[in-house]
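Protein chains in written order, with this note's numbering: chain A, 1 to 264; chain B, 1001 to 1279; chain C, 2001 to 2315.
Just so it is clear, CB atoms sit at the ideal spot from N, CA and C, and this is done for glycine as well.
For clarity, every value in this text was computed on a predicted model and none was experimentally measured.
Notes for the one structure printed next.
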Amino acid sequence: MRRLSLRFAAFGYLLVILLGPLAMLFWRIWAEGLGKAWSALIDADTVHAFKLTLEVASIAVPLNTIFGIVVGLAVVRRRFPGKGVVNAFVDLPLALSPVVVGLSLFLLFGRTGWFGPWFTAHGIQVLFALPAIVLVTVFVSVPYVAREVIPTLRELGEEQEQAAHTLGASGWQAFWRITLPSIRWAVIYGVVVTTARCLGEYGAVAVVSGSISGRTETATLRVQDYYENLDQAGAYGVALMLGLIAIVVLVLMTAFRPKDGAVR
Amino acid sequence: MEGRRLASASAIVALPRSERAGTALSLGFVTTYLSVIVALPIAALVWAARADGLSQFWFWVSQPEAVAALKLTLAVAALVALTNAVFGTLLAWVLVRDDFRGKPLVNAVIDLPFALPTIVAGLLVLALYGPDSPVHVHAAFTRTAIYLALLFVTLPFVVRTVQPVLYELDTDMEEAARSLGAREVVVFVRIVLPSILPGILSGVAMAFARAVGEIGAITLISGDRPFHTEVASVWILNASQSGNGTGAAAVAVLLLAIAFAVLLGVGGLRFFATRHERA
Amino acid sequence: MITATHVSKRFGDFVALDDVSIEVATGSLTALLGPSGSGKSTLLRIIAGLERPDAGEIVLAGEAATSVPPQERGVGFVFQHYAAFKHMTVRDNIGFALKIRKRPRAEIRARVDELIELVQLRGFGHRFPAQLSGGQRQRMALARALAAEPKVLLLDEPFGALDARVRTELRTWLRRLHEETHTTTVFVTHDQEEAMEVADNVVVMNRGRVEQAASPRVLYDTPANAFVMSFVGRANRFGESWVRPHDLEVTLEPNGSTREVQIDRLVHVGHEVRAELTRDDGEPVSLQLTRDEAERLELQPGQIVYVRPVRQTVF
């Protein structure tokens, strides 16, 4: 009896908070009509927005994957002072508002910023252009691969690599043949989560990009653009696309979730 | 365990040159990367906040509109954190201890807020509680809507931090308590809760930080009516877009401080939680 | 005091208990003995109320207990891995049962002091379980179970997780404790030596069934079947018969019905000599004689001798 009531309380909460809004996605598309949503999706600016989002992700994800593996190895396997500081900075994007992230970058590269004048003088546009969008996206997605690699490496221990060394493997060989394969599922899961974060980033990009349609507008900004121009069908169309991508991400997350045992 | 620790200590002392070079190289990469991507922008922010002097900082931070935004942010975030503490634990409990058809599906769905862009989440909450709401609840552009949208985006936090702890928990202790006469509620409060409390608290802290900083899910809903539904992140966005760099930076530094405080708290929690093992 | 009638329990396809009935007399110290998978722990947990049987009844102190939750059965349970409340001190662990019954603080303090003396943990009251050795943790677990003065004390392989020396110490200690408190006690073990040494009565179980329930002496002298004979003490098979190691006569020359054996090892255990032999058909045989007998025969490893059963049992 108590078991059932706990279950229903939990499901009820999920329904109201999570599933209700999710259902609205399909409800609204149905209400607005697939036709209008589709035309929004094939609109040139929308296509550009998705292309831009993917372009940014294709730069940010590999960078943070490499970083995540390197920092994971450094923190778990090596001794150095200031590990706490490194950990804090790696975790910071998890706790920090994206708007603050965007603003920091804006101030760094703005007219009166430390780097602004230099870049302007050399004809490189950072703000309201691709570089700024990439930089903030990298910032906000820094933690995810690292946070999967670190506990996995800790659990693994060093014995396998040590065995490889006694058998004559060089540092690089041991890394490539032993370390990397043993963390690959953690890395893949981290990559999935990082990609999702990059695709979904809104606040930081909103600050630094200027949301110029067809130029610096990402997919998430496009949703806001349509909504503020009272084009509900357009907004839900793009939202549906993002939602479908999210479902794929969810499936991948479930498939690659590192720690097994029971339902994590 | 002891033997292992000793072995690695002596290994550090006698590090071969290649090892030290490797450490230097990876450390160099890490430091450069983190500095360029994270530390420098943050430094620029703090610098800009005090650029016009400390008095300007206090001026902007004590602006009535900013203060109202901060108050609202902290109040809603606290409520969100509390709600998650209760329902997140409940969800984790049901997912770990109960069994029912479709459990893997329910477990997967919990991660939806991590997978879905926040702007979409905001749009959907608006649809559900807005003017054309199918359930005839009209709470859009209110503080309630902000609360509900934040519950959406913070849903996974407590659930995911409590699940592994609950899963590892040896049910022996609960059985022992029962055999000693403890009712189910007592078993939960005195035996289970102390063991999972660190998990709950770290999840709550992260949910709080997330709620404080959230922008995407709020931006469409809040309709940003100053003094009523404007949260701190929206205030900063507006300030920066209207050219008030100093003001925006000032309030942003406050949010930065909160973020660091939360991280410190979570780190401290981890230390505190494992004190029994270090005894 | 404790009666289990026709108790059955399965976990999925695995039959843990198959129509088991036992009776435990008030104030006795009983062992549930058997190999792993025999169902002994399951039976104990059903008596405690930590599992519910698929069929059968449990009666505790004259009252039907089958559907009574563990909280209300008045049993004390000691787990193999102690189940210590890690976040509470030793004193808080021991006093837990009284604390949740809302006894006055002075009463709890007095009782905890008393129990700490009883289990010889004086000075450890304010430590945490992580700071105690295995043996100390188990003594704490026992004190905790005794705090609420249970009608019945149940122990599930209580010494299984401890090393040999501590195990023997605690065995003797448990026996003495029982003689002091006279609480009806049931403990589960797979160690037949432990059961024989400590218990008044032993219930031998195998694959979910009770093979025999009797005093250690009766089990050894008159086992009900081949399983009990070979599980409790050592036994050799000679054709259809079973022979105890000390019921073999040894001669240096063949003599009619003797069998040829070769000595592999001689083990001198105190006043006795145990010999591991290999018989002419390749089967191992266990022999036991006094030191004097062994010296008289001048037994050596590798030697060929001849044995013949003096007493044997057929089932």
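Could you name the residues of the same chain whose beta carbon sits closer than 8 angstroms to that of residue i, not counting the 5 residues immediately before and after it, in chain order?
i: B:Ser1035; result: none
i: C:Asp2156; result: Ser2041, Leu2044, Arg2045, Phe2077, Val2078, Phe2079, Gln2080, Phe2187, Val2188
i: A:Gly190; result: Thr65, Gly68, Tyr144, Val145, Ala146, Arg147, Glu148, Val149
i: A:Glu217; result: Asp45, His48, Ala49, Leu52, Ser209, Ser211, Asp225
i: A:Ala262; result: Only weak support exists for where A:Ala262 lies, its pLDDT of 35 falling under 50; the coordinates are left without a value.
i: B:Arg1005; result: Because B:Arg1005 carries a pLDDT of 46, less than 50, the predicted location of this residue cannot be relied on, and the following value inherits that uncertainty. Nothing listed; no residue qualifies.
i: C:Pro2150; result: Gly2074, Val2075, Gly2076, Thr2183
i: C:Tyr2220; result: Met2196, Val2232, Gly2233
i: A:Arg264; result: A caution first: A:Arg264 carries a pLDDT of 35, below 50, which makes its placement in the model unreliable, though a value can still be read off. Cβ within range, chain order: Arg257.
How would you label residue i, buried or exposed, when you count the other beta carbons within 10 angstroms and need 16 or more for buried?
i: C:Asp2013; result: exposed
i: A:Thr166; result: exposed
i: C:Asp2280; result: exposed
i: A:Ile124; result: exposed
i: B:Val1013; result: Any answer about B:Val1013 is weak, because its pLDDT of 43 lies below 50 and its placement is not dependable; what the coordinates show is given next. B:Val1013 is exposed by the Cβ-count criterion.
i: C:Pro2129; result: buried
i: B:Ser1008; result: The predicted position of B:Ser1008 is uncertain, since its pLDDT is 45 and thus under 50; a value taken from the coordinates is nonetheless stated next. Exposed: under 16 other Cβ atoms inside 10 Å.
i: C:Asn2236; result: buried
i: A:Ser97; result: buried
i: C:Pro2223; result: buried
i: B:Phe1152; result: buried
i: C:Asn2201; result: buried
i: A:Gly1; result: Here residue 1 of chain A turns out to be Met, not Gly, going by the sequence shown. The residue in question, A:Met1, is exposed, as its Cβ has fewer than 16 Cβ neighbours within 10 Å.
i: B:Lys1071; result: exposed
Answer yes or no: do residue i and residue j have a C-beta to C-beta separation smaller than 8 angstroms?
i: C:Val2188; j: C:Leu2044; result: yes
i: B:Val1251; j: B:Leu1150; result: no
i: C:Leu2118; j: C:Ile2094; result: no
i: A:Arg78; j: A:Glu158; result: no
i: B:Thr1229; j: B:Gln1056; result: no
i: C:Val2075; j: C:Leu2154; result: yes
i: A:Gly200; j: B:Pro1117; result: yes
i: C:Arg2139; j: C:Leu2121; result: yes
i: B:Ile1215; j: A:Tyr202; result: yes
i: B:Ala1068; j: B:Phe1227; result: yes
i: A:Arg28; j: B:Ala1039; result: no
i: C:Leu2277; j: C:Gln2262; result: yes
i: B:Ala1085; j: B:Ile1200; result: yes
Closer than 6 angstroms by C-beta to residue i: which residues in its own chain qualify, once you throw out the five before and the five after it? Chain order, please.
i: B:Glu1002; result: Bear in mind that a pLDDT of 43 at B:Glu1002, under 50, signals an unreliable position, so the number given afterwards is only what the model happens to contain. If we look at B:Glu1002 and ignore the five residues flanking it on each side, it has no Cβ neighbours.
i: A:Ala239; result: Val223
i: B:Ala1239; result: Gly1247, Ala1248
i: B:Pro1198; result: Leu1269, Ala1273
i: C:Arg2308; result: Glu2249, Ser2257, Thr2258
i: C:Ala2294; result: Val2273
i: A:Ala196; result: Val249
i: C:Phe2159; result: Arg2167, Leu2170
Am I right that residue i and residue j are in contact with their C-beta atoms under 8 angstroms? What's the rounded C-beta distance?
i: C:Val2204; j: C:Gly2034; result: 6 angstroms
i: B:Ala1205; j: B:Gly1265; result: 5 angstroms
i: C:Gln2288; j: C:His2246; result: 4 angstroms
i: A:Leu153; j: A:Leu73; result: 7 angstroms
i: B:Arg1097; j: C:Pro2070; result: B:Arg1097 to C:Pro2070, Cβ: 17 angstroms. No contact.
i: A:Gly171; j: B:Gly1022; result: 6 angstroms
i: B:Val1231; j: B:Ala1049; result: Between B:Ala1049 and B:Val1231 the Cβ distance is about 19 angstroms, and since that is not below 8 angstroms, they are no contact.
What residues in its chain sit with their C-beta under 7 angstroms from that of residue i, if we drop five residues either side in the sequence?
i: C:Thr2005; result: Ser2021, Gly2056, Glu2057
i: C:Gly2134; result: Ala2161, Leu2162, Val2166
i: A:Ala60; result: Val134, Thr137, Val138, Ser141, Cys198
i: B:Ala1051; result: Thr1246
i: C:Phe2124; result: Val2090, Leu2132, Gln2136
i: A:Leu15; result: none
i: C:Ala2016; result: Lys2009, Arg2010, Gly2039, Thr2042, Gly2208
i: B:Pro1156; result: Ile1110, Asp1111, Pro1113, Phe1114
i: A:Lys83; result: Val75
i: A:Asp260; result: Since pLDDT at A:Asp260 reaches only 49, below the 50 mark, its modelled position is unreliable, and no value is offered.
i: B:Gly1122; result: Ala1149, Gly1216, Ala1217, Ile1218, Thr1219, Leu1220, Ile1221
* alpha helix (DSSP H) runs contained entirely in the segment 41–107 of chain A, provided each spans 4 or more residues -> 44–77, 83–95
* To do: Only counting runs of 3 or more residues, tell me where the beta strand (DSSP E) segments fall wholly within the segment 2042–2119 of chain C, in order along the chain.
  => 2055–2060, 2075–2078
* Asked: Where in the segment 2176–2201 of chain C do unbroken runs of the beta strand (DSSP E), each at least 3 residues long, occur, reported from the N-terminal end onward?
  -> 2184–2189
* To do: Within the segment 205–248 of chain A, note down every full alpha helix (DSSP H) run reaching 4 residues or more, in order along the chain.
  => 219–228
* Asked: For the segment 2271–2311 of chain C, which segments carrying the beta strand (DSSP E) assignment without a break, of at least 3 residues, lie completely within its bounds, in sequence order?
  -> 2272–2279, 2284–2290, 2304–2309
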